[in-house]
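What follows is a short report on a single structure.
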Amino acid sequence: MKLRRTLLAVALLAAAVAAAGGAWLYRDLAAFRDTPFGSDQEKVVEIAPGTSARQSLRLLARAGAISSERRAWLYVRLLKRDRRPIRAGEYAFTGPLRPDEVLERLYRGEVKLYHFTVPEGLRMEEIAGIVQAAGLGKARELLSLMHDPAFAKELGVPFPNLEGYLYPDTYSFPRDPRPQTILKTMVGRARDEIHEAMADLPAGLRLDERQGVTLASIIEKETGNPAERPRISCVFHNRLRLGMRLQTDPTVLYATMLRNGGRYPHNITRADLLAPSRYNTYTVNGLPPGPIASPGAASLQAAFHPLACSDLYFVSRNDGTHVFCPDLRCHERAVRRWQIEYFRARRTVAR
Numbered sequence: 027m028k029l030r031r032t033l034l035a036v037a038l039l040a041a042a043v044a045a046a047g048g049a050w051l052y053r054d055l056a057a058f059r060d061t062p063f064g065s066d067q068e069k070v071v072e073i074a075p076g077t078s079a080r081q082s083l084r085l086l087a088r089a090g091a092i093s094s095e096r097r098a099w100l101y102v103r104l105l106k107r108d109r110r111p112i113r114a115g116e117y118a119f120t121g122p123l124r125p126d127e128v129l130e131r132l133y134r135g136e137v138k139l140y141h142f143t144v145p146e147g148l149r150m151e152e153i154a155g156i157v158q159a160a161g162l163g164k165a166r167e168l169l170s171l172m173h174d175p176a177f178a179k180e181l182g183v184p185f186p187n188l189e190g191y192l193y194p195d196t197y198s199f200p201r202d203p204r205p206q207t208i209l210k211t212m213v214g215r216a217r218d219e220i221h222e223a224m225a226d227l228p229a230g231l232r233l234d235e236r237q238g239v240t241l242a243s244i245i246e247k248e249t250g251n252p253a254e255r256p257r258i259s260c261v262f263h264n265r266l267r268l269g270m271r272l273q274t275d276p277t278v279l280y281a282t283m284l285r286n287g288g289r290y291p292h293n294i295t296r297a298d299l300l301a302p303s304r305y306n307t308y309t310v311n312g313l314p315p316g317p318i319a320s321p322g323a324a325s326l327q328a329a330f331h332p333l334a335c336s337d338l339y340f341v342s343r344n345d346g347t348h349v350f351c352p353d354l355r356c357h358e359r360a361v362r363r364w365q366i367e368y369f370r371a372r373r374t375v376a377r
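Convert by adding 26 to the 1-based position in the sequence shown; the result is the number in this note's numbering.
Dropping the structure here:
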């Protein structure tokens, strides 16, 4: 009987200890769950394919993304989260975060993203350099694909390269994306904007996708003022309709760049204006054979939806705006005021 009472007492004590220990563990894990942890410095963790849940927690703890590998392991085991698949990839954590916030990123595959922004009006070579500077590819490899006619055809681009179809926008990719993935994404954005610009075309507009994107690229390079683009488009549409040459300087710069092996000129010479090239709209009629840059949405809209006007000329005021003229006499007055006299006065002041 005495032995039986002793065994019962021991069992009750063990149960009490277990209950106390369980209560303490619950409080400890609850505090772990509810307490944000981590510094404001970015912590980057690389989870390789096949990494187990326990190994992933060890990497997170070593990087300082969670406070304790042991507590984290008990926590995920208690909730049976060790059975959830963790997606491989590069993850970044900044600032104090609760364990659930850290773990959910691994479960959902919310990997670290790298960003780059392409402004309107850039050429393929310039865009390739931006992507390389963001650490998302090599310019040489990107340019090889940009100039590949088979790749352009695969993406539905109606030209032998991707000039004009690398849409200006901000893009985000995980580390080490395939160059094909980057370019497909950019071309996809361009095609979306082109289709939107070609919706509800004005009656009588004779402009297909090739012509429209080419014209939009010229409009993009002619002005940085969005309000002027539909009017500049009107000038070009009027000149095309009347059989006049476009005589637009950005096409001469592009032709000179091609002639100089990719080196873009800073100024146009008389020789450049007379140099034979399919892109030189001072020497050939109509549009050049393809885009000269990547136009943005405003220029695409302007190309397919020009303003109704009678203008045939425009001259820069040297402040980002232009003077528009319906005839040669008006144009010659604008040239005299805003080019000849304007720069003569500047040279006089400079002396």
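The C-beta atom is built at its ideal place from N, Cα and C for all residues, glycine as well. Source: prediction; values computed, not measured.
**Request:** Taking 8 Å as the cut-off, decide whether the C-beta atoms of residue 278 and residue 306 are in contact.
**Result:** The residue given as residue 278 occupies position 252 in the sequence shown. The residue given as residue 306 occupies position 280 in the sequence shown. Yes. Within cutoff.
**Prompt:** If we count the other Cβ atoms within 10 Å of its Cβ and call it buried at 16 or more, is residue 58 buried or exposed?
**Reply:** To locate residue 58, count along the sequence shown from 1; it is residue 32. Classification for residue 58: buried.
**Item:** 8 Å Cβ cutoff met for residue 146 and residue 317
**Value:** The sequence position of residue 146 within the sequence shown is 120, counting from 1. The sequence position of residue 317 within the sequence shown is 291, counting from 1. No, the Cβ-Cβ distance between residue 146 and residue 317 is not below 8 Å.
**Pick from 74, 186, 128 that is closest to residue 61, judged by C-alpha positions** = For this step, residue 61 is matched to residue 35 along the sequence shown. Cα-wise, what sits closest to residue 61 is 128.
**Prompt:** For residue 151, does the three-state DSSP call read helix, strand or coil?
**Reply:** For this step, residue 151 is matched to residue 125 along the sequence shown. Reduced to three states, the DSSP call for residue 151 is helix.
**Prompt:** residue 333 and residue 303: beta carbons closer than 8 Å?
**Reply:** If you number the sequence shown from 1, residue 333 lands on position 307. If you number the sequence shown from 1, residue 303 lands on position 277. In this structure, residue 333 lies away from residue 303, with their beta-carbon atoms at least 8 Å apart.
**Prompt:** Do you know how far the Cα of residue 355 is from the Cα of residue 368?
**Reply:** As a position in the sequence shown, residue 368 is number 342, starting the count at 1. As a position in the sequence shown, residue 355 is number 329, starting the count at 1. Taking the CA atoms as reference points, residue 368 sits about 18 Å from residue 355.
**Request:** Evaluate residue 131 with the Cβ neighbour count: other Cβ atoms within 10 Å of its Cβ, from every protein chain shown; 16 or more gives buried, anything less gives exposed.
**Result:** As a first step, residue 131 must be located in the sequence shown, where it is residue number 105. Buried: at least 16 other Cβ atoms inside 10 Å.
**Prompt:** Helix, strand or coil for residue 123 per DSSP?
**Reply:** Start at 1 with the first residue of the sequence shown, and residue 123 comes out as number 97. If DSSP states are grouped into helix, strand and coil, residue 123 belongs with the strands.
**Asked** Which two residues bound the contiguous beta strand (DSSP E) that contains residue 348?
**Response** Against the sequence shown, residue 348 aligns to sequence position 322. Element bounds for residue 348: 348 to 351.
**Item:** Nearest to residue 234 (by Cα), restricted to the options 313, 113, 180
**Value:** Along the sequence shown, one-based indexing puts residue 234 at 208. Residue 234 has its Cα closest to that of 313, out of 313, 113, 180.
**Prompt:** Is the beta carbon of residue 84 less than 8 Å from the beta carbon of residue 72?
**Reply:** Within the sequence shown, the letter at position 58 stands for residue 84. Within the sequence shown, the letter at position 46 stands for residue 72. No, Cβ-Cβ distance for residue 84 and residue 72 is not below 8 Å.
**Message:** Checking 8 Å against the spacing of the C-beta atoms, do residue 162 and residue 203 come in under that value?
**Reply:** For this step, residue 162 is matched to residue 136 along the sequence shown. For this step, residue 203 is matched to residue 177 along the sequence shown. Closer than 8 Å, so yes.
**Prompt:** When the Cα of residue 114 is compared with those of 81, 104, 144, 253, which residue comes out closest?
**Reply:** Your numbering for residue 114 matches position 88 in the sequence shown. Of 81, 104, 144, 253, the residue nearest in Cα terms is 81.
**Message:** Starting from residue 247, trace the alpha helix (DSSP H) in both directions and tell me its first and last residue.
**Reply:** The sequence position of residue 247 within the sequence shown is 221, counting from 1. Residues 235 to 248.
**Request:** Give the DSSP-derived three-state secondary structure of residue 370 in the structure shown.
**Result:** Locating residue 370 in the sequence shown gives position 344, counting from the first residue. Here residue 370 sits in helix by DSSP.
**Asked** Quick one: what's got a C-beta closer than 6 Å to residue 160's C-beta in the same chain, skipping five residues either side?
**Response** Sequence index remark: in the sequence shown, residue 160 carries index 134 (1-based). Counting only Cβ-Cβ distances below 6 Å, and skipping sequence neighbours, we find 140, 142.
**Asked** So what's residue 141 in DSSP terms, helix, strand or just coil?
**Response** Residue numbering aside, residue 141 sits at position 115 when the sequence shown is read from its first letter. Three-state result, residue 141: strand.
**Request:** Could you check what DSSP says for residue 277 in three-state terms: helix, strand or coil?
**Result:** If you number the sequence shown from 1, residue 277 lands on position 251. Residue 277: helix per DSSP, three-state reduction.
**Request:** Within its chain, find whatever has a CB closer than 7 Å to the CB of residue 37; leave out the 5 residues flanking it on each side and keep chain order.
**Result:** For the purposes of this step, residue 37 is identified with residue 11 of the sequence shown, where counting begins at 1. Summary for residue 37: the model assigns pLDDT 41, below 50, so the residue's position carries little reliability, and this model does not support an answer.
**Message:** Along the chain, where does the beta strand (DSSP E) containing residue 200 start, and where does it finish?
**Reply:** Taking the first residue of the sequence shown as position 1, residue 200 is located at position 174. Element bounds for residue 200: 196 to 200.
**Message:** Report the CB separation of residue 102 from residue 74 in whole angstroms; it is logged as a contact under 8 Å.
**Reply:** The sequence position of residue 102 within the sequence shown is 76, counting from 1. The sequence position of residue 74 within the sequence shown is 48, counting from 1. Incorrect: roughly 19 Å between the Cβ atoms, too far for contact.
**Beta-carbon proximity of residue 251 to residue 347, cut-off 8 Å** = Taking the first residue of the sequence shown as 1, we reach residue 251 at position 225. Taking the first residue of the sequence shown as 1, we reach residue 347 at position 321. At a Cβ-Cβ threshold of 8 Å, residue 251 and residue 347 count as neighbours.
**Request:** Drop a sphere of 10 angstroms on the beta-carbon of residue 326, count the other beta-carbons inside from all chains shown, and report buried for 16 or more, exposed for fewer.
**Result:** For this step, residue 326 is matched to residue 300 along the sequence shown. Taking all protein chains in view, the Cβ of residue 326 is crowded by 16 or more other Cβ atoms within 10 Å, so the residue is classified as buried.
**Item:** Local conformation of residue 43 per DSSP, three classes
**Value:** What you label residue 43 is simply residue 17 of the sequence shown in a count that begins at 1. Since pLDDT at residue 43 reaches only 39, below the 50 mark, its modelled position is unreliable, and no value is offered.
**Request:** Mind listing, in chain order, the continuous alpha helix (DSSP H) runs of no fewer than 4 residues lying wholly within the region 267 to 321?
**Result:** Counting only runs of 4+ residues, the alpha helix (DSSP H) found wholly inside the region 267 to 321 occupies 275 to 285, 296 to 300, in chain order.
**Request:** Report the partner residues of residue 118 according to the DSSP bridge assignment.
**Result:** Position 92 of the sequence shown holds residue 118. Per DSSP, the beta bridge partners of residue 118 are 70.
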